[in-house]
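Report on the structure given below.
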Amino acid sequence: MKKTLYPFLFFLTLLGCENGAKLTFGQKAFSNSPCQTCPKIEITVPEALDVSKLSKTVNGAVREEIISLLSFEDEVELNSIERAIDSFTSDFAKLKEKFQDEVPWEAKIEGELVYEDENMLTLSINSYIFTGGAHGYSSTSFLNFDKIKAEELENWELFEDQEGFIQFVEAKFRVREKIPQDENINATGFMFDNDAFHLSQNIGYTPEGLQLIYNPYEVASYADGPIVMTIPYAEINTFLKRAASL
321 MKKTLYPFLF FLTLLGCENG AKLTFGQKAF SNSPCQTCPK IEITVPEALD VSKLSKTVNG
381 AVREEIISLL SFEDEVELNS IERAIDSFTS DFAKLKEKFQ DEVPWEAKIE GELVYEDENM
441 LTLSINSYIF TGGAHGYSST SFLNFDKIKA EELENWELFE DQEGFIQFVE AKFRVREKIP
501 QDENINATGF MFDNDAFHLS QNIGYTPEGL QLIYNPYEVA SYADGPIVMT IPYAEINTFL
561 KRAASL
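The opening position of the sequence shown corresponds to residue 321 in this note's numbering, with each subsequent residue numbered one higher.
Here's what the structure looks like:
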């Protein structure tokens, strides 16, 4: 097991001291021990360096997200990224014993800070996981945090008026995707559950606006790729519980 803390963290710590309320971040890298038949695992994620409740919350949420991406056994409790890497490696080894021609698995995960103001902080986690089959699976996850309360937020907690936001976004989605307003949301080939529009599972603050990402298979086929909507804050701040202040 290899774990690397990048040497420029000292510089980032000094920089963070000048940023006032903004957190100081470094990057932490993880990988498994290489071998010819081992899965290839490369992980690089942000690490909050400040000694605070918020930093602990952020780092814990990142850890849990990585564990969920690498773990396939609900009955196995994993409490670290290192153990999740071991579990991923072990799962492949068990499969390889049964099927000698199995192609090595792969996991590449990268995280970054995408937004921070005095109230909100958002990280994105981009992943590519291959565990056999015709192709791997790429996805993006957002982790949103209330900086004042030092808490991770669920999607519904982002909104002051969630129902109004859903109606607003559906209208924009129909215009963008050329779906007539008086027809079923799936009329042009989308696959929304129960023929009803819903927000994406991943919603996050970005400098350009609030971003919604429908990952492959969420509302469309794998071939369609991710569906991304970025809505300027000027249009939606009234719907948000924490208006963006960039």
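Beta carbons are placed, not taken as given, at the ideal position from N, Cα and C, and that holds for glycine.
For this session: Whole angstroms is fine: what's the gap from Gly-509's alpha carbon to Ser-541's?
Result: 9 angstroms
Exercise. Taking the continuous beta strand (DSSP E) assigned at Lys-492, which residues delimit it?
Worked result: First-last for Lys-492: 482-496, but that is the alpha helix (DSSP H), not the beta strand (DSSP E).
For this session: For Gln-487, count neighbouring Cβ atoms within 10 angstroms of its own Cβ and tell me buried if that reaches 16, exposed if not.
Result: exposed
Exercise. On the three-state DSSP scale, how would you describe Glu-477?
Worked result: helix
Exercise. Does DSSP put Thr-357 in a helix, a strand or coil?
Worked result: coil
Exercise. So Leu-441 packs on Val-489, CB below 8 angstroms; how close in whole Å?
Worked result: Going by Cβ atoms, the distance from Leu-441 to Val-489 rounds to 23 angstroms, so no, they are not a contact pair.
Problem set entry | Between the CA atoms of Glu-417 and Ala-516 - distance to the nearest angstrom | 44 angstroms
Problem set entry | DSSP-derived helix/strand/coil call for Asn-464 | strand
Problem set entry | Where Lys-469 falls: helix, strand or coil (DSSP) | coil
Problem set entry | Buried versus exposed, by CB contacts within 10 Å (16 or more), Val-423 | exposed
Exercise. For Ile-547, which three-state DSSP category applies?
Worked result: strand
Problem set entry | Residue interval of the beta strand (DSSP E) (run including Ala-349) | 345-351
Problem set entry | CB contact flag (Thr-377, Ala-470, <7 angstroms) | yes
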